[in-house]
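A.B. asks: Here it is, the structure in full.
2 protein chains.
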Amino acid sequence: MVQADKKLTEPKKFDLNNYLKQKKVLVEQALDSSIAIARPEKIYEAMRYSLLAGGKRLRPILCLATCELTGGTIEMAMPTACALEMIHTMSLIHDDLPSMDNDDFRRGKPTNHKVYGDDIAILAGDGLLAYAFEYVATQTQNVKAENIIKVVACLGHTVGAAGLVGGQVLDLESEGKPDITAETLSFIHTHKTGALLNASVVSGAILADAQKADINRLSNYAQNIGLAFQIIDDILDITATDEQLGKTAGKDLEAQKATYPSLWGLEKSRFKAQELVDSAIAELSTYGAKAEPLRAVAKYIVTRDR
Amino acid sequence: MVQADKKLTEPKKFDLNNYLKQKKVLVEQALDSSIAIARPEKIYEAMRYSLLAGGKRLRPILCLATCELTGGTIEMAMPTACALEMIHTMSLIHDDLPSMDNDDFRRGKPTNHKVYGDDIAILAGDGLLAYAFEYVATQTQNVKAENIIKVVACLGHTVGAAGLVGGQVLDLESEGKPDITAETLSFIHTHKTGALLNASVVSGAILADAQKADINRLSNYAQNIGLAFQIIDDILDITATDEQLGKTAGKDLEAQKATYPSLWGLEKSRFKAQELVDSAIAELSTYGAKAEPLRAVAKYIVTRDR
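Chain order of the listed sequences is A and B. No gaps in the numbering here: position 246 of the first sequence is 246 in the numbering used here, and each next residue is one more. Take any residue in the second sequence, note its place counting from 1, add 1000, and you have its number in the numbering used here.
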């Protein structure tokens, strides 16, 4: 009896791989059914090509997890989760263009403009961005109208000049300047990567009608994992192979881009990433076992190899 | 006495020029204060460069006029009016890019990419598009939350593959094919021009909490003036000078684009435009004098010379 009791009360180890796999299936089903092909077919195909090209689906999963953590449901958050992936995909399509980062491969497949041409790639990005907002506005169910508006505001702020776009501009301006400051590098990444991870977490909480204090705590969590995520990205660009990354490795060094490893070295960069993940996890202390998915995602960020 | 009475009851002729001038001043003030310069300065400057480059401001003015007609106020509609101009500007910036229509001049000034480069021009468009949604969501006052969400949905639908983006794709595909059908030409223009004019009118009515029947009537008005507007645009591309247009005239012929004049000839095109304007005005019969601004705008569309 004692042993049986122990079994019942002992917390089961959280299986992140299984969690991510299950949620990814849900997200990909939702993404697949979010865009139907219509006239002119080519633009819908181009949008679907990049949106359904795989990837970790980390942003949608964070949105779903945070919504559940703060008392909401998967169903309430799914349209926003899809919108986050549409926005992320749009930013990848535009960043990969020849006039920007000029990348030929993404997630192991030719980039959008390599398949459809620069004109269609620009328009596919525009189409995904516009559709993200339409999708949230038309598909979100059982959420207070005020909260849907807050999510729209949050997504808009995150993509625009105050977020992704601003980060990409400073990133482009910093190319060929390997001696930029840590402050500029941090600006680039809090805008380019951090902002959308933050929006993923915050929007999930807004949809669940979470309290301000919870939203702030979760936003701190997101900002910490966002920066850790970028540091690890920079490290992987040096240490991983093309095959592991699904894109060209070593691009940063080639483009003379300042990165965390170039600023701090590999060892200190790894240490900093771990420190950030520890801080992120500390923000979750009040939530107990319910926050296991978010804790596991934070840990995964520093241990991933692609 | 009789004469004085007659003066009082005789409807004063509506002064459209004065109306457009006054409303344009209001819209430009609102646009100017909508975007402040922040870091990185270049992107905000690029966004402001095109947003504040002049133009008729027809879309915002239609939104304000329709909101007032259906019982709302200028203040309720101004954030959406600005968003419509941000969206319109974004579509011009992206359409002008070398990989699309490759235009060097717009509204008498060098196009965005000519001043800031292709990369920044793409990002300025993205920034304006994202900001349009953020602006509606954060700035709209005294409007039911449900109606703000409907406006977001309407704007998203209008920009995306089901609207502007889809129209531009079919337009690009039709280049060098002067023998496309009237049906394809109509698809291009109902999406490229008509959709945003329709959204301008419909969103104004939604914000004022108008009835479904009013929205339908005003949407019919908008679709008719939208097509008339495009026919006149095609005519002006042939008959006007570069100076009048503020952009290169004769581009359609050069690009071997099918246009209404190439399909119908100039005379029949003018006749059709007039017919559409008459139909548009007929939709407004129930509104009496209140609808004079919308009637005058419809008439202006066929008589303008740029």
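Beta carbons: idealized from backbone N, C-alpha and C, even for Gly. Here the structure is a predicted model, which is why all the values come from computation and not from measurement.
For the alpha helix (DSSP H) containing G226/A, list its first residue and its last residue.
C.D. replies: Unbroken alpha helix (DSSP H) run through G226/A: K212 to T239.
A.B. asks: If distances are taken between C-alpha atoms only, which option among D1015/B, R1048/B and T1158/B comes closest to I1030/B?
C.D. replies: First, the residue type needs correcting, since residue 1030/B is Ala and not Ile in the sequence shown. Of the candidates D1015/B, R1048/B and T1158/B, the one whose C-alpha sits nearest the C-alpha of A1030/B is R1048/B.
A.B. asks: Suppose you measure from the CA of E75/A to the CA of I206/A; what does that come to, to the nearest Å?
C.D. replies: Using only the alpha carbons, I get a separation of about 14 angstroms.
A.B. asks: Can you tell me whether DSSP reads P178/A as helix, strand or coil?
C.D. replies: Correct three-state label for P178/A: coil.
A.B. asks: Would H191/A count as contacting chain B if we go by Cβ distances under 7 angstroms?
C.D. replies: By this cut-off, H191/A is not an interface position.
A.B. asks: How about the region 122–140 of chain A and the region 82–94 of chain A: do they share at least three Cβ pairs that are nearer than 8 angstroms?
C.D. replies: Output reads yes: the region 82–94 of chain A touches the region 122–140 of chain A.
A.B. asks: Since V143/A meets chain B, which of its residues come closer than 9 angstroms, beta carbon to beta carbon?
C.D. replies: What V143/A touches in chain B: nothing, since even the nearest Cβ is about 10 angstroms away.
A.B. asks: Examine chain B for any beta-carbon lying closer than 7 angstroms to the beta-carbon of P79/A, and answer yes or no.
C.D. replies: So, not an interface residue.
A.B. asks: Among all the DSSP beta bridges, which residues are the ones paired with F271/A?
C.D. replies: In the DSSP output, where bridge partners are listed per residue, F271/A has none listed.
A.B. asks: Using only CA atoms, which one of A1282/B, D1096/B and G1246/B lies nearest to D1305/B?
C.D. replies: D1305/B has its Cα closest to that of G1246/B, out of A1282/B, D1096/B and G1246/B.
A.B. asks: My understanding is that N112/A touches D96/A, with C-beta atoms under 8 angstroms, so please give their C-beta distance in whole angstroms.
C.D. replies: Confirmed, about 7 angstroms.
A.B. asks: Can you have a look at G163/A and say buried or exposed, based on whether 16 or more other CB atoms are within 10 angstroms of its CB?
C.D. replies: By the neighbour-count rule (16 or more Cβ atoms within 10 Å), G163/A is buried.
A.B. asks: For the putative contact between K1272/B and I1231/B, defined by C-beta atoms under 8 angstroms, what is the C-beta separation to the nearest angstrom?
C.D. replies: Correct: roughly 6 angstroms between the Cβ atoms.
A.B. asks: Would you say A1213/B faces chain A, with C-beta separation under 7 angstroms as the test?
C.D. replies: No, A1213/B lies away from the interface with chain A (no Cβ there is under 7 angstroms from its Cβ).
A.B. asks: Which residue spans inside the region 1018–1065 of chain B form an unbroken alpha helix (DSSP H) run of at least 4?
C.D. replies: If we require 4 residues or more, the alpha helix (DSSP H) runs fully inside the region 1018–1065 of chain B come out as 1041–1051.
A.B. asks: Give me the residue from I1149/B, K1290/B, A1182/B and S1050/B with the minimum Cα distance to G1265/B.
C.D. replies: G1265/B has its Cα closest to that of A1182/B, out of I1149/B, K1290/B, A1182/B and S1050/B.
A.B. asks: In the DSSP output, what is K1299/B paired with across the bridge?
C.D. replies: In the DSSP output, where bridge partners are listed per residue, K1299/B has none listed.
A.B. asks: Can you say whether G1288/B is buried or exposed, counting buried as having 16 or more other CB atoms within 10 angstroms of its CB?
C.D. replies: It counts as exposed.
A.B. asks: Can you check whether the C-beta of I206/A is within less than 7 angstroms of a C-beta belonging to chain B?
C.D. replies: Answer no: the Cβ-Cβ gap between I206/A and chain B never drops below 7 angstroms.
A.B. asks: In the structure shown, what three-state DSSP assignment does K1109/B receive?
C.D. replies: Reduced to three states, the DSSP call for K1109/B is strand.
A.B. asks: Skipping 5 residues on each side, what residues in its chain have a beta carbon closer than 7 angstroms to that of E68/A?
C.D. replies: So the qualifying residues of the chain are I74.
A.B. asks: In terms of residue numbering, what span does the alpha helix (DSSP H) encompassing M78/A cover?
C.D. replies: Taken as a continuous stretch (DSSP letters only), the alpha helix (DSSP H) holding M78/A covers I74 to D95.
A.B. asks: With DSSP as the reference, label F187/A as helix, strand or coil.
C.D. replies: Here F187/A sits in helix by DSSP.
A.B. asks: With three or more C-beta pairs closer than 8 angstroms as the rule, is the region 1056–1064 of chain B touching the region 1139–1154 of chain B?
C.D. replies: Flag = no, the region 1139–1154 of chain B and the region 1056–1064 of chain B do not touch.
A.B. asks: Could I get the ranges of all uninterrupted alpha helix (DSSP H) runs contained in the region 102–165 of chain A, with 4 residues as the minimum, in chain order?
C.D. replies: The region 102–165 of chain A contains these whole alpha helix (DSSP H) runs: 112–116, 118–139 and 145–159.
A.B. asks: So for K6/A, helix, strand or coil by DSSP?
C.D. replies: Per-residue confidence for K6/A stands at a pLDDT of 49, beneath the threshold of 50, marking its modelled position as unreliable; no derived number is given.
A.B. asks: Taking just the CA atoms, how far does L1016/B sit from V1002/B?
C.D. replies: Per-residue confidence for V1002/B stands at a pLDDT of 46, beneath the threshold of 50, marking its modelled position as unreliable; the derived number appears in the next sentence. Approximately 29 angstroms, taken between the alpha carbons.
A.B. asks: Rounded to whole angstroms, what's the CA-CA distance from A291/A to A228/A? Just pull it up for me.
C.D. replies: Approximately 19 angstroms, taken between the alpha carbons.
A.B. asks: Report the neighbours of D118/A on chain B: residues whose CB is nearer than 7 angstroms to its CB, in chain order.
C.D. replies: S1099, listed in chain order.
A.B. asks: Determine the direct distance from the alpha carbon of V1159/B to that of R1295/B, and round the result to whole angstroms.
C.D. replies: Taking the straight line from one Cα to the other gives about 26 angstroms.
A.B. asks: The alpha helix (DSSP H) spanning E254/A covers which residue range?
C.D. replies: That run of the alpha helix (DSSP H) goes K251 to E254.
A.B. asks: Taking C-alpha atoms, which residue in E173/A, A222/A and K42/A lies nearest to I188/A?
C.D. replies: Comparing Cα-Cα distances from I188/A to each of E173/A, A222/A and K42/A, the minimum goes to E173/A.
A.B. asks: What would DSSP say about E1309/B, mapped onto helix, strand or coil?
C.D. replies: For residue 1309/B there is no data in the structure shown, the boundaries of chain B being 1001 and 1306.
A.B. asks: Can you pull the chain A neighbours of H1094/B, defined as C-beta to C-beta under 8 angstroms?
C.D. replies: Chain A residues near H1094/B: I122, L123 and D126.
A.B. asks: So, are the CB atoms of L1084/B and S1219/B less than 7 angstroms apart?
C.D. replies: Going by C-beta atoms, L1084/B is not nearer than 7 angstroms to S1219/B.
A.B. asks: Which residues in the same chain as I225/A place their Cβ atom closer than 8 angstroms to its Cβ, once the five residues preceding and following it in sequence are excluded?
C.D. replies: If we look at I225/A and ignore the five residues flanking it on each side, its Cβ neighbours are L197, L276, V277, A280, V297, A298 and I301.
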